Amino acid sequence: MIRVGVDVGGTFTDIVLEHSEAGDGEQKVFVTKVPSTLHDQSEGVVKGVLQVCKLAGVEPGEIDMLFHGTTVATNMVIERNGAEVGMLTTKGFRDILHMGRHKRPHNFSLQFDVPWQSKPLVKRRNRIAISERIMPPDGTVEVGLDEDEVREAAELFKKRGLNAVIISFLFSFLNDSHEQRAKEIVKEVMPGAYICASSEVVNVIREYERFSSTAMNAYIGPKTARYLSNLENRLKENGVDAIVRIMQSNGGISTIENSSERPIGLLLSGPAGGVIGGRWTGGHCDTGNVITIDIGGTSADISVIQNGELRIKNPRDTEVASLPVLVPMIDIDAIGAGGGSIAYVDAGGAFRVGPRSAGATPGPACYGNGGTEPTVTDAQVALGRLDPAHFLGGDISIDPDLAVKAIEEKIAKPLGFTVTEAALGILKVINNNMALAINANSVAKGIDPRSFTLMGFGGAGPLHSVALGEIIGAKDVIAPLQPGITAAMGLLVTDLQYEYTRSVLAFLDTADEASFANVNKIAGELMAEADAQLESDGIPKEARRFKKVMECRYVGQGFELRAEMPDEPLSADNVKVVIDNFFDIHKQQYGHAFRDQVTEAVTIRVVANAAVEQLRLPDLPKGGRANPEDAQLYTRKTVFDDGVEVETPRYDRMKLLADDTVAGPALITQHNSTTLVPPGHTATVLGHGDLRIARI
4 MIRVGVDVGG TFTDIVLEHS EAGDGEQKVF VTKVPSTLHD QSEGVVKGVL QVCKLAGVEP
64 GEIDMLFHGT TVATNMVIER NGAEVGMLTT KGFRDILHMG RHKRPHNFSL QFDVPWQSKP
124 LVKRRNRIAI SERIMPPDGT VEVGLDEDEV REAAELFKKR GLNAVIISFL FSFLNDSHEQ
184 RAKEIVKEVM PGAYICASSE VVNVIREYER FSSTAMNAYI GPKTARYLSN LENRLKENGV
244 DAIVRIMQSN GGISTIENSS ERPIGLLLSG PAGGVIGGRW TGGHCDTGNV ITIDIGGTSA
304 DISVIQNGEL RIKNPRDTEV ASLPVLVPMI DIDAIGAGGG SIAYVDAGGA FRVGPRSAGA
364 TPGPACYGNG GTEPTVTDAQ VALGRLDPAH FLGGDISIDP DLAVKAIEEK IAKPLGFTVT
424 EAALGILKVI NNNMALAINA NSVAKGIDPR SFTLMGFGGA GPLHSVALGE IIGAKDVIAP
484 LQPGITAAMG LLVTDLQYEY TRSVLAFLDT ADEASFANVN KIAGELMAEA DAQLESDGIP
544 KEARRFKKVM ECRYVGQGFE LRAEMPDEPL SADNVKVVID NFFDIHKQQY GHAFRDQVTE
604 AVTIRVVANA AVEQLRLPDL PKGGRANPED AQLYTRKTVF DDGVEVETPR YDRMKLLADD
664 TVAGPALITQ HNSTTLVPPG HTATVLGHGD LRIARI
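According to the numbering used here, the sequence shown is numbered sequentially starting from 4.
Here's what the structure looks like:
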C-alpha cells in the first residue's frame, strides 16, 4: 500500500509518501517540499507527487490513495474572486443577505466595513424574489410556487452570463418541494450552471445564515469543482490513478464528488490537516493537552486539543471572512504571521510586522528573487539562525547579505537601530502577535496554557515555539519529527467523515411521545443518508461508524451547543442523558449551567465516518547520549533573544537517536525545518524522533 498526503500552503506545498511493504508490514516514510503554484495549485501538487515518488523509488502509478488539503476555496473568499451568483428567494426577503443580523463589527469606528454589504456574495440586482410561501411549524404550502417567475428569472440570469445560481426559500428546511422544483426549472434553462438549493447545503433554521452559507457554496463552487477536476485529470496524465480524498474543515476527509457539490466544507481544508497531525503527534508523545501553532510562510494557524479531542466551533463562530458558514469546523484561529511576513515602519512611525507577506514570489529578500522588503525569515538569517547550506536541505539558496541589507535599509536606519537590534525586534513583534492570538484561542476560552504543551510546526514553527512557550507559560514544547510536513502527515491519519443535519424544534424537558417519534424519524432519515454515502464510497458495513448529536440551547438563548445523543432511539427514559450532556458542555464553554432551566433541541446532526489505515512511524534505536558528537555538523555564531552572539553547534536531526539530549544553545537541522534550542533549555529525543524541549 502506497499513500500520499499533499498539503498546499501559501508559500510551500508539502508532500509525504508512506510505503507499507506487503511482506513484513514495514513502513517507510518519504517527505519533500516544493514551492506552491498559486495560479494553479494542481501544478505544484503534481510536481511534488512526482518528486516524492522519485525519492521513494516508486512509480506514480503505484500510488493507491492520495489525500489532499487545499486552500483554493479559502483564497477565493479572501481575494473575492469567486463566481457571479444569481439568487431566487421568497418575495419580501430579497435583502436578507444585505441586512444580516444588523451587526456592527466595530461599534465605535467611523470607518468600519460591513463585508456582507460592501463585498456581497450575491449582488442585489442578481437577487430575484419569487412568489411562494411555506409556513411553519409543519411546512404547509400557503402560496404555491410561481413557476413562470422562476423560468423568467433563470432566463435573465442566463442572459447576464451568470454561471452559478442558488435557490433559498423561507422555511425550506420544513418542506423543500418548492426549492427542488425551482432547481429543476433553472437546470432546464441553464444546463451548465452550478445550481444549489439551501435545503441541500444546510438544511437548518436561521434564514440569514442558511442563505449566506448557500451563497458561499455557489460563490466558490464552480472554480473549486473545476480545480478538483483539473487536479484529477493532471494526476492521471502523469500516471497517478490513485483514489483521491480531500480534507474537510471538520477534520474528516471526503470524495472529490462530494467536495465539488459542497465546497463550503473545504474552507478550512488546509489548516485542519495540521491540527489532525498535531493530535496524532501528541498521541505518541503521551501528551493529550496540546496547543498547536502551524507557522508557515504566510500565516500562523492556532488550535487547542484537550484530552486528545479536537475542539469544534460553535455555530455562531463558524465564519470565513466575517461571513457565516453553517458547516462544522475545527476551532482554528488564523493570523497573518509567518516566515514571509513583511516588517515595515508605517506612516505614523510605528514598527510593524505582517500581515502582508512576501509569499513564494518574490519571497523574502534573502531568496534573491527580487524581494527588497525584510521579512521574519530575513531576521532569522541575519541572526545566524538559518544557514545557507541547510535551508530546505539546500534546495533553495539564500543570501545572508541580502537579508542584512533589507533590514538595514527598511528598519535599522529609519529607527536608529543596529541590524541585530532590528532583527530581534522583528522577532519580538511577530512572537507577541502570535502569543496574543494563542491566548485568544486558549485563555479567553477557559484553557490554562500552563497545563498544555505547545507544539510548533510548519516550516517556521520550531524556530519560534520555545519563545512562544515562554511567553504563554506552556509547560513544555514539542517539535514533531517532520515539522514542515506535519499538516501533510495529518492527512494520512484522518478518517473519511460526513455530517448530515436537519432542524428539529422540541422542548426536551416536556417532550411527549409524538415529539420523540419526530426526533427519531429525522435521526433515522439522516442515518440512512449517511449510510448510503458510505455505501457509495465502498466502505464495508462493519467499518461504518455513526454518532448522533443534538444541538441544544436554553429556551430563548441565541445559539446552541452540541450534546451527544444515546445510540438507541430517544425516549422519556434516556432524554435526560442529552440534557445533562448539554449542561456539561455549557458549563465547560461558559463557566456556568442553569440546571433548572428548560432545554430546547434545535438541530439533529449525524456524523458518519470510517477509519482509514493510520500512518505508523518506526521506533528509533535507543541512544541516550548527551550532545552526541556523531550528529554534530559544525558550529557557527548565532544571536539569541538576549542579544548575545554565541558559538552554536548545529546537529543533524536524522542522526539523533531515542533518549538523546541536546543542550542549548543549539540548532537542530533537517530538510524541512530548523529547531531552535536556546540557552538554558534541553531538547530530548522521544521514541519516534519528536523533540521535547524544556527549561533546564
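Virtual Cβ for every residue (Gly too), placed ideally from N, Cα, C.
Computed from a predicted model, the values in this text were never measured in an experiment.
Within the segment 146-180, the complete alpha helix (DSSP H) segments of 4 residues or longer fall at 150-163, listed in chain order.
Annotated three-state conformation of E571 is coil, per DSSP. The Cβ atoms of A196 and V168 sit closer than 7 Å to each other. Where L234 is concerned, the enclosing alpha helix (DSSP H) starts and stops at E210 to E240. Taking C-alpha positions only, I198 is separated from H181 by approximately 14 Å.
Between the segment 519-530 and the segment 223-238, the count of C-beta pairs closer than 8 Å stays below three; the two stretches do not touch. The segment 658-678 and the segment 477-488 touch, with no fewer than 3 CB-CB distances between them shorter than 8 Å. Here L269 is not bridged, per DSSP, to any residue. Its Cα nearest to that of F455, the residue V480 stands out among P465, D663 and V480. DSSP places K640 inside the beta strand (DSSP E), whose first and last residues are Q635 to V642. Residue nearest to D576 within the set D515, T258, Q635 and A86 is D515 (criterion: CA-CA distance).
About 6 Å separates the Cβ atoms of A611 and L537, confirming a contact at the 8 Å cut-off. DSSP, read as helix, strand or coil, puts V88 in strand. Under DSSP, the beta-bridge partners assigned to Q309 are E312. Per DSSP, the continuous beta strand (DSSP E) segment holding S257 begins and ends at I256 to T258. Around the beta carbon of V469, a 10 Å sphere encloses 16 or more other beta carbons of the protein chains shown; the residue is thus reported as buried.
Membership of F460 in any alpha helix (DSSP H) is not indicated; the residue belongs instead to the beta strand (DSSP E) covering T456 to F460. Beta-bridge partners of P652 (DSSP): T638. The C-beta of T143 has fewer than 16 other C-beta atoms within 10 Å across all chains shown, which makes the residue exposed.
Restricting attention to alpha helix (DSSP H) runs no shorter than 4 residues, the segment 30-64 encloses them at 44-59, ordered along the chain. V7: member of the beta strand (DSSP E) spanning I5 to V11, first to last residue. Taking N253 as the centre and dropping the five residues before and after it, the same chain places the C-beta of P331 closer than 6 Å to its C-beta, in chain order.
With respect to A337, D304 sits close: the two C-beta atoms are nearer than 7 Å.
When the Cα atoms are used, Y654 and A392 turn out to be separated by approximately 13 Å.
Residue state for H22 is assigned as strand, using DSSP reduced to three classes.
Here D390 is buried: its Cβ has 16 or more other Cβ atoms, across all protein chains shown, within 10 Å. As the crow flies, the alpha-carbon of R698 is around 18 Å from that of T290.
Counted as a single uninterrupted DSSP element, the alpha helix (DSSP H) harbouring S539 occupies residues E516 to S539.
Segment contact: the segment 250-270 against the segment 423-440, fewer than three CB-CB distances shorter than 8 Å; contact not assigned.
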